[in-house]
Structures are given as structure tokens and as C-alpha cells.
Amino acid sequence: MKVLVIGAGNMGLTYAEGMAKSSLLNHRNLMIFDKSAEVITTLSKVDHFDVYDDIEECLPKADIVFLAVKPYHCDSLFEEIKPLVNDQQIFVSLMAGITIEKIQLGLDVKKVVRSMPNLPAQVGKGVTSFTESKEISRVELLMVRNLLDTTGASIHVETEKFIDASTGISGSGPAYVFYFMNSMMEAALKMGFSKNDSKVLVSQTFEGAVKLFNESDLSASTWMERVASKGGTTRAALDSMDENNVEELIKDAAYAAFDRAVELGKE
1 MKVLVIGAGN MGLTYAEGMA KSSLLNHRNL MIFDKSAEVI TTLSKVDHFD VYDDIEECLP
61 KADIVFLAVK PYHCDSLFEE IKPLVNDQQI FVSLMAGITI EKIQLGLDVK KVVRSMPNLP
121 AQVGKGVTSF TESKEISRVE LLMVRNLLDT TGASIHVETE KFIDASTGIS GSGPAYVFYF
181 MNSMMEAALK MGFSKNDSKV LVSQTFEGAV KLFNESDLSA STWMERVASK GGTTRAALDS
241 MDENNVEELI KDAAYAAFDR AVELGKE
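Under my numbering, residue 267 is the last one in the sequence shown; the count climbs by one each step, no gaps.
Next up, the structure:
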């Protein structure tokens, strides 16, 4: 099995490095393509995969092709590579908002897997939702899933609707967490803590809370109640959030990302 990653940006390189570190592929079975001469020079110094700046040299060799370019580049990419593809190749899209049908029509292929990764994939803690066209066999889907799992975990969803929905939760979700962390750090700084101490206080609090949540069967709301006591400091903070409608605002933000993912697909 030969794998090609088209696009050495954040996500493309993240998946290439994840696959390179796994036992699934050896050096000569993993290829990465990019048009940037600077990127090619940098990647050529890393002995993790074969690096190409000529798509004609690598695409015909690939069994599985990861499409890791920006969504607005997809039309020009499809036009460029369409003459080079064949109907036995599997195309795995990391592009937000680009539908399976658009890829099939754009490349005149049938075997497509659409996925939605997120940024923590860079540290092996990503979560990728994915779904497939009906032409993908169970064996082929398992192969793709194993490749996606090299950057963290993956969840299979039944329809593309859930790919757009996961964009609003996991795809864009790290930014929501960083938004909350940034606000807490600014509050800590205002209270007089140093920048370093503020970072430790906030990051360890998040890490510890996530660990507690993952290692138990308790719901997030139950954990909130365990931290908060009647008339206490945590209850004062939670009451403030409730009074300011924070919960609904967070839901609205997630739906805004979801709606934008749907719009991108239509565009």
C-alpha cells in the first residue's frame, strides 16, 4: 500500500508525520507532495517520507491519496490531477465543507472518504470523524481508519451531515477551549498572577478536569455539581455564567460553525 498526501500544510504534514511514526507504512510507501519550493527543501531534510514537487511523479503510484489543501483550492487541484487518477484509488479528504459528490465529480472517481480532523492531531490527541462513498469496501475503510488513527482517535459516522456537525464540535472545538483558557488567563493576570503561573494554573486545571471526566462514567453536569457547593465560590461562578446565558451562547457558536460548514459545501 502506497499513500500520498497532497499538501504539506498543518493538517497534511500532521497526518504524514503520524503515519510515518506508525508501523503501518515504511519509508518508501509514504509520499508527500507540495508546490512550495521552500516547503520541499525543508521536508527533504526529514527522512520520514518521499517528498515530491511534481504531481505526475507521485500520484499514479498511490493507492490512497489524502487531499489536504485548503477548500478554496480544490477546483484548481481537481483540474490539475484529474488526468492522473484512476478509479481504483481511494481519496481521503481533509477539506472542510467539500462533499463526497463534489470530489467524485471533480476527479471522476468513486472511492472517496470524507473526514473532519482537528488541530490536536499535531500532538497525537486528535479526533477525526469520517464517512465514505458506497464504493468503499469494509476492508478499504478499515485501512483508511487505521491511517486516521495514527494522529489520535477516529469515529465513523453514517452520513455527511455528521461531518458538518462534527466541524462545529471537534473541528472548530479547540478554538473554543483556547478562547475559554485565554479568558481565564487574563482573569488570573488581572488578579496579580505572573504570566507563567497563570498558564500553569489554567492549563493544569483543564488537563486535570479532562482526565477526571475521561476516567469516570460521570457526566459533565455531575462533575460541576461535585465541584460546586451551595453558597460557595464555584456556585457563584456558575450562577454568573447562567445569568449571562453562557451555555446557550456556546451552543450558538457550535451551530454557527456547523452552519458555515454546510454553506462551504454549497459554495
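Yeah, the Cβ is synthetic: ideal placement off N, Cα and C, and Gly gets one too.
Among the candidates the options, whose CA atom is the shortest distance from the CA of residue i?
i	options	result
G126	T167, F258, D108	T167
K134	T234, V113, K61	V113
A68	M116, A261, S219, N244	M116
K2	G265, G18, L30	L30
T150	N244, A187, Q122	Q122
Y179	A236, I250, I100	I250
N10	D34, S22, E267	D34
L287	N214, M191, M185, G192	No statement about residue 287 is possible, as the shown extent of the chain runs from 1 to 267 and does not include it.
E267	Q104, C58, Y72	Y72
P120	N245, L218, S154, D242	S154
I163	I40, Y255, V39, S44	Y255
E263	L218, K161, S44	K161
Would a C-beta distance cut-off of 9 Å place residue i and residue j closer than the cut-off?
i	j	result
D50	I32	yes
G124	G152	yes
I136	I98	no
W223	L238	no
V210	V144	no
K61	M95	no
A8	H48	no
S129	H156	yes
Y176	A253	yes
L4	F66	yes
A165	F258	yes
L147	L24	yes
L6	I100	Residue identity differs from the one stated: residue 6 is Ile in this sequence, not Leu. Contact: no.
D53	A37	yes
K102	G231	no
What residue range does the alpha helix (DSSP H) around residue i cover?
i	result
D259	246-266
D50	Note, D50: premise wrong, no alpha helix (DSSP H); beta strand (DSSP E) at 50-52.
L94	Premise fails: L94 is in no alpha helix (DSSP H) and is neither H nor E.
M241	233-243
Please return the same chain residues whose Cβ sits closer than 8 Å to the Cβ of residue i, not counting the five positions on each side in sequence.
i	result
S203	M181
L189	K195, S198
T56	Looking at the sequence itself, residue 56 is Glu, so the reference to Thr does not match. The residues are L84.
V227	T234
D75	G106
So, at 6 Å on beta carbons, what are the nonlocal neighbours of residue i in its own chain, with the 5 sequence-adjacent residues on each side left out?
i	result
T42	none
E207	none
R141	The sequence given here has Leu at residue 141, not Arg. These residues qualify, in order along the chain: E132.
G18	T150, T151
Can you list, in chain order, the residues of its chain whose CB lies under 7 Å from that of residue i, leaving out five sequence neighbours each side?
i	result
G159	The amino acid at residue 159 is misidentified as Gly; the sequence shows Thr. Excluding positions up to five away in sequence, the list reads T131.
D87	V109, K110
N118	G126, V127, S170, G171, G173, P174
R28	D50
S20	The residue asked about is misnamed: residue 20 is Ala in this sequence, not Ser. Contacts found: L30, H48, F49.
C58	L4, M31, F33, Y52
A220	F213
I40	D34, V51, D53
Going by DSSP, what residue range makes up the beta strand (DSSP E) through residue i?
i	result
V227	Segment 220-227 is the alpha helix (DSSP H) holding V227; no beta strand (DSSP E) there.
V123	Here V123 belongs to no beta strand (DSSP E), and DSSP marks it neither H nor E.
S115	112-116
V85	It is not in any beta strand (DSSP E) - V85 carries neither H nor E in the DSSP assignment.
V109	Counting along the chain, V109 falls outside any beta strand (DSSP E), and DSSP gives it neither H nor E.
Complete alpha helix (DSSP H) runs within the stretch 129-194 (minimum length 4 residues, chain order): 138-148, 160-166, 173-190
Kindly provide the ranges of any alpha helix (DSSP H) runs that are 4 or more residues long and lie completely inside the stretch 11-75, ordered along the chain. 37-43, 55-58
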